[in-house]
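To keep things clear, I will list the structure first and then write my remarks on it.
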Amino acid sequence: MEILIVEDLKTWFPIKDGITQRTIGHIKAVDGVNLRVRKGETYGLVGESGCGKTTLAKSILQLIKPTSGLVRFDGLDITGIRAVKKIRRRMQIIFQDPYASLDPRKTVLSALTEPMRVHGLAKSHSDAAKVASELIVKVGLNREHLYRYPHEFSGGQRQRIAIARALSVEPEFIILDEPTSFLDVSVQAQVLDLLKDLQRELQLTYVFVSHNLSVVQHMSDRVGVMYLGKIVEEATCDAIYKTAEHPYSHYLITAIPIPDPHHVRKEKILGGDVPSPVNIPSGCRFRPRCPYVTDKCIIEEPRLYPAGKLHLVACHYKINFNRHQMVTERA
Amino acid sequence: MTRVQNGSILQLKNLSVNFRTYRGEVRALQNVDLEISQHEVLALVGESGCGKSVTTLTILNLLPPNGYVTEGEILLNGLNLFKKTDEEMRHIRSEEIATIFQDPMTYLNPVLTIATQLKESFLVRKDFPLSRNQTIEQFLATKRSPETTKVHGRQRADIAEQMSVDLLKLVRLPDPERVMKQYPFELSGGMRQRCMIAMALARRPSLLIADEITTALDVTIQAQVLSLLMSLRDTIDASTLLITHDLSIAAETADRIAVMYAGNIVEVASTRALFRSPLHPYTKLLMRCIPDVRKPKARLESIRGNVPDLIDPPNGCRFNPRCPKAMEVCRIRKPTLKNYGNDHLVHCFLYES
Numbered sequence: 003m004e005i006l007i008v009e010d011l012k013t014w015f016p017i018k019d020g021i022t023q024r025t026i027g028h029i030k031a032v033d034g035v036n037l038r039v040r041k042g043e044t045y046g047l048v049g050e051s052g053c054g055k056t057t058l059a060k061s062i063l064q065l066i067k068p069t070s071g072l073v074r075f076d077g078l079d080i081t082g083i084r085a086v087k088k089i090r091r092r093m094q095i096i097f098q099d100p101y102a103s104l105d106p107r108k109t110v111l112s113a114l115t116e117p118m119r120v121h122g123l124a125k126s127h128s129d130a131a132k133v134a135s136e137l138i139v140k141v142g143l144n145r146e147h148l149y150r151y152p153h154e155f156s157g158g159q160r161q162r163i164a165i166a167r168a169l170s171v172e173p174e175f176i177i178l179d180e181p182t183s184f185l186d187v188s189v190q191a192q193v194l195d196l197l198k199d200l201q202r203e204l205q206l207t208y209v210f211v212s213h214n215l216s217v218v219q220h221m222s223d224r225v226g227v228m229y230l231g232k233i234v235e236e237a238t239c240d241a242i243y244k245t246a247e248h249p250y251s252h253y254l255i256t257a258i259p260i261p262d263p264h265h266v267r268k269e270k271i272l273g274g275d276v277p278s279p280v281n282i283p284s285g286c287r288f289r290p291r292c293p294y295v296t297d298k299c300i301i302e303e304p305r306l307y308p309a310g311k312l313h314l315v316a317c318h319y320k321i322n323f324n325r326h327q328m329v330t331e332r333a
Numbered sequence: 003m004t005r006v007q008n009g010s011i012l013q014l015k016n017l018s019v020n021f022r023t024y025r026g027e028v029r030a031l032q033n034v035d036l037e038i039s040q041h042e043v044l045a046l047v048g049e050s051g052c053g054k055s056v057t058t059l060t061i062l063n064l065l066p067p068n069g070y071v072t073e074g075e076i077l078l079n080g081l082n083l084f085k086k087t088d089e090e091m092r093h094i095r096s097e098e099i100a101t102i103f104q105d106p107m108t109y110l111n112p113v114l115t116i117a118t119q120l121k122e123s124f125l126v127r128k129d130f131p132l133s134r135n136q137t138i139e140q141f142l143a144t145k146r147s148p149e150t151t152k153v154h155g156r157q158r159a160d161i162a163e164q165m166s167v168d169l170l171k172l173v174r175l176p177d178p179e180r181v182m183k184q185y186p187f188e189l190s191g192g193m194r195q196r197c198m199i200a201m202a203l204a205r206r207p208s209l210l211i212a213d214e215i216t217t218a219l220d221v222t223i224q225a226q227v228l229s230l231l232m233s234l235r236d237t238i239d240a241s242t243l244l245i246t247h248d249l250s251i252a253a254e255t256a257d258r259i260a261v262m263y264a265g266n267i268v269e270v271a272s273t274r275a276l277f278r279s280p281l282h283p284y285t286k287l288l289m290r291c292i293p294d295v296r297k298p299k300a301r302l303e304s305i306r307g308n309v310p311d312l313i314d315p316p317n318g319c320r321f322n323p324r325c326p327k328a329m330e331v332c333r334i335r336k337p338t339l340k341n342y343g344n345d346h347l348v349h350c351f352l353y354e355s
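So the sequences go chain by chain: P and H.
Using this note's numbering, you'd call the opening residue of the first sequence number 3 and step up by one each time.
Using this note's numbering, you'd call the opening residue of the second sequence number 3 and step up by one each time.
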């Protein structure tokens with residue numbers, strides 16, 4: 003069953019200039035995204051910086067007002083502030099930087115009890131404190147930690163507190179926006195495994211946003227690859243890492259450094275840079291960097307073609323990356 | 003400058019660095035020994051706060067006012083850097099050691115064009131240009147020529163201009179003539195980092211320090227920059243100190259790897275030897291923490307506990323509170339450096355007997 007349905011979501015930011023602050027263009031951060039997330043799964047969202055991952059995450063939660071499109075959560079249309087207020091409690095987000103997302107002047111206890119108070123979940127302060135002390139143990143810290151301030155904790159511990167705070171309102175759905183990119187590798191795994199355990203225990207649904215492909219692979223059931231505001235390929239985790247069909251996903255995955263000095267990189271490295279989201283290229287948005295570009299790519303923007311079970315690809319052609327040649331045109 | 007016979011460019015000997023803070027003394031580096039040979043790429047790998055960047059700053063003598071060296075010495079081509087005057091040190095930073103930092107935006111001057119900044123890198127050296135007609139590759143490969151061509155004023159600037167364009171081509175920037183006229187804010191992160199690399203190369207350094215140069219870049223751009231750095235290895239005659247938190251990057255680029263933990267070097271070995279048979283418990287655990295896309299695992303491993311506070315570091319071996327193989331002696335004494343054969347060095351009591 004789908005808990006989250008996103009249909010043709012667009013979030014554009016106007017660029018204003020001059021004395022009259024006339025709109026002279028738009029930054030098309032999210033430019034027509036379709037997404038379906040099923041209950042209990044982890045949907046990984048990968049892409050390079052500036053591709054619109056975080057804007058998409060925030061637009062889903064209505065933290066940024068989308069320009070157009072539809073977001074449905076558990077069957078309810080939540081576009082618009084009034085609608086979203088009803089389901090705020092059920093959708094939470096954990097941000098990238100645990101140094102910025104915790105109030106330095108609040109103890110851990112008040113950081114954990116405030117959301118419960120706001121949403122009217124606890125009858126009294128002592129009830130809330132009881133729940134908070136259960137939560138803090140659940141995320142692997144001690145009860146004594148409740149009376150401390152954020153600056154007394156390390157990055158990994160702070161991220162645990164942020165997780166506990168998100169869980170304090172008993173959500174069903176959590177967006178994890180780069181939850182480990184501020185942490186060291188030796189600590190990163192602790193937090194990822196904690197998130198996995200909590201998901202199993204509390205039947206949570208995750209959208210896991212990250213630029214780190216190895217981490218996304220570790221966490222996700224399905225993965226969507228974003229490029230310049232659009233999802234260009236979506237598949238199960240196995241399929242995307244073994245048989246990626248979009249040239250961008252293919253090059254993205256082969257660019258990951260491999261922790262093995264004997265590994266020889268067979269693939270060419272993708273040249274060029276991500277174009278500006280203000281002037282998105284015509285046709286396929288990947289075409290200026292794509293080595294397989296044809297005239298059709300310049301004229302026609304590819305839709306998401308089915309390429310197998312649960313596998314969608316926004317590319318006109320089927321490409322054999324081993325032989326570096328196009329096989330067929332998709333219909 | 004005369005080269006040392008054993009071929010090492012940079013030697014850190016028993017180096018310790020402290021920082022004075024309101025909370026107390028931070029023991030950022032403790033008895034660090036490190037050596038970089040000629041034409042070698044040495045990767046210094048460790049987690050944040052382990053002292054990688056302090057090492058860079060100490061080599062460059064750019065420690066902040068509250069940081070100071072308590073013991074040890076740094077030798078560049080056999081000469082002690084701590085005995086240099088400020089003026090000599092400035093000279094070394096411009097001609098001998100070139101550093102590329104993590105965030106190119108903060109190190110490029112925002113109000114000058116790339117052309118101005120890149121040309122300056124050529125012109126700082128009094129012996130520029132070496133001769134009237136030489137390709138950029140020849141220029142970069144020549145370290146120091148006994149006689150310099152006397153070219154002055156306008157002509158010198160023109161040669162610098164032409165060489166800048168060639169150099170930007172060499173670092174694979176598209177449309178170098180246009181980039182020359184642009185300001186840093188007009189360039190993307192990858193392009194800026196290429197400009198930084200170009201500026202570092204223009205000074206023909208004998209040591210290149212690359213401090214987390216790809217951390218601010220995306221994976222595909224990171225791959226471009228790293229492959230560029232590797233392809234330039236044969237063009238320039240310099241050793242590279244590559245500082246990174248990512249063992250995978252070190253695996254792909256370095257000849258030797260030094261693993262740092264909490265201000266100590268715990269293990270030094272050739273890249274292949276380190277990955278084949280890591281010796282120190284920290285290195286072993288660190289390797290199991292990195293996710294490998296080719297071999298997905300059900301659970302990642304992590305190292306219990308946290309990185310220690312260096313104001314009050316653990317006694318003995320600094321890794322002992324997190325080490326699964328910690329013994330009584332680890333809490334009392336600091337392990338000495340043991341050569342395990344083939345220059346595989348390790349700081350651990352497990353290998354002392």
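The C-beta atom is built at its ideal place from N, Cα and C for all residues, glycine as well.
- Residues of the segment 70 to 85 of chain H that bring their beta carbon within less than 8 Å of a beta carbon in chain P are absent altogether.
- Chain order gives the chain H residues near G158/P as N308, where near means a beta carbon separation below 7 Å.
- A residue is called buried once 16 or more other Cβ atoms fall within 10 Å of its Cβ, and G51/H is buried on that count.
- Sequence-ordered contacts of the segment 189 to 212 of chain P with chain H read V189, Q190, A191, Q192, V193, L194, D195 and K198 [C-beta pairs closer than 9 Å].
- The continuous beta strand (DSSP E) containing T13/P extends over residues E4 to D19.
- Contact note: S216/P reaches chain H through I292, P293, D294 and V295, using a C-beta cutoff of 8 Å and chain order.
- Under a criterion of Cβ atoms nearer than 9 Å, the residues of chain P adjacent to M289/H are, in order, P261.
- Boundaries cannot be given for E303/P, as no alpha helix (DSSP H) includes it and DSSP labels it neither H nor E.
- Annotated as distal: H346/H and V268/H, with beta-carbon spacing of 7 Å or more.
- CA-to-CA, the gap between Y70/H and C239/P works out to about 50 Å.
- Annotated three-state conformation of P323/H is helix, per DSSP.
- Taken through DSSP and simplified to helix, strand or coil, M221/P comes out as helix.
- Following the DSSP letters along the chain, one finds Q161/P inside the alpha helix (DSSP H) bounded by residues G157 to L169.
- Here the segment 162 to 169 of chain H does not lie against the segment 105 to 113 of chain H, with fewer than 3 beta-carbon pairs under 8 Å apart.
- In summary, the residues of the segment 252 to 282 of chain H whose CB is separated from some CB of chain P by less than 7 Å are A253, E254, T273, R274 and F277, in the order they occur in the chain.
- Residues A246 and F323 of the same chain have their beta carbon placed closer than 6 Å to that of H252/P, with the five preceding and five following residues left out of the count.
- Taking a contact to require three or more Cβ pairs closer than 8 Å, the segment 284 to 295 of chain P and the segment 268 to 287 of chain H do not qualify as touching.
- Of all residues in the segment 212 to 238 of chain H, only D220, V221, T222, I223, Q224, A225, Q226, L228 and S229 come within less than 8 Å of chain P when Cβ atoms are compared, listed by chain position.
- Beta-bridge partners assigned by DSSP to T23/H: G26/H.
- Excluding residues up to 5 positions away in sequence, L14, L17 and I267 lie with their Cβ nearer than 6 Å to the Cβ of V34/H in the same chain.
- Annotation: Cβ neighbours of I305/H in chain P (cutoff 7 Å, chain order): S188.
- Inclusion of L244/H and A45/H in the CB contact set at 7 Å is warranted, their separation being smaller than that value.
- Classified as buried, H248/P has 16 or more neighbouring CB atoms from the shown chains inside 10 Å of its CB.
- For L249/H, the chain P residues whose C-beta falls within less than 7 Å of its own C-beta are P261, listed in chain order.
- For R156/H, the enclosing alpha helix (DSSP H) stretches over residues G155 to L172.
- For Q190/P, the secondary structure class from DSSP, reduced to helix, strand or coil, is helix.
- At a Cβ-Cβ threshold of 7 Å, S55/H and S10/H do not count as neighbours.
- Look at M329/H here: in three-state DSSP terms it is coil, with no helix or strand label.
- Within chain P, Q219 and H220 have C-beta atoms less than 7 Å from the C-beta of P298/H, given in sequence order.
- Taking all protein chains shown into account, T222/H has 16 or more neighbouring C-beta atoms within 10 Å of its C-beta and is therefore buried.
- Under DSSP, G27/P takes part in a beta bridge, and its partners are I17/P.
- Bounds of the alpha helix (DSSP H) holding R92/H are D88 to E97.
- Only residues of its own chain outside the window of five on either side were considered, and among them Q224 and V227 have a CB closer than 6 Å to the CB of T216/H, listed in chain order.
- Look at the segment 34 to 53 of chain H: the residues with a C-beta under 7 Å from a C-beta of chain P are E49 and S50.
- In the three-state reduction of the DSSP assignment, A131/P falls in the helix class.
- When the five nearest sequence neighbours on each side are left out, the beta carbons in the same chain lying within less than 8 Å of the beta carbon of R174/H are those of R196, Q226 and L230, in order along the chain.
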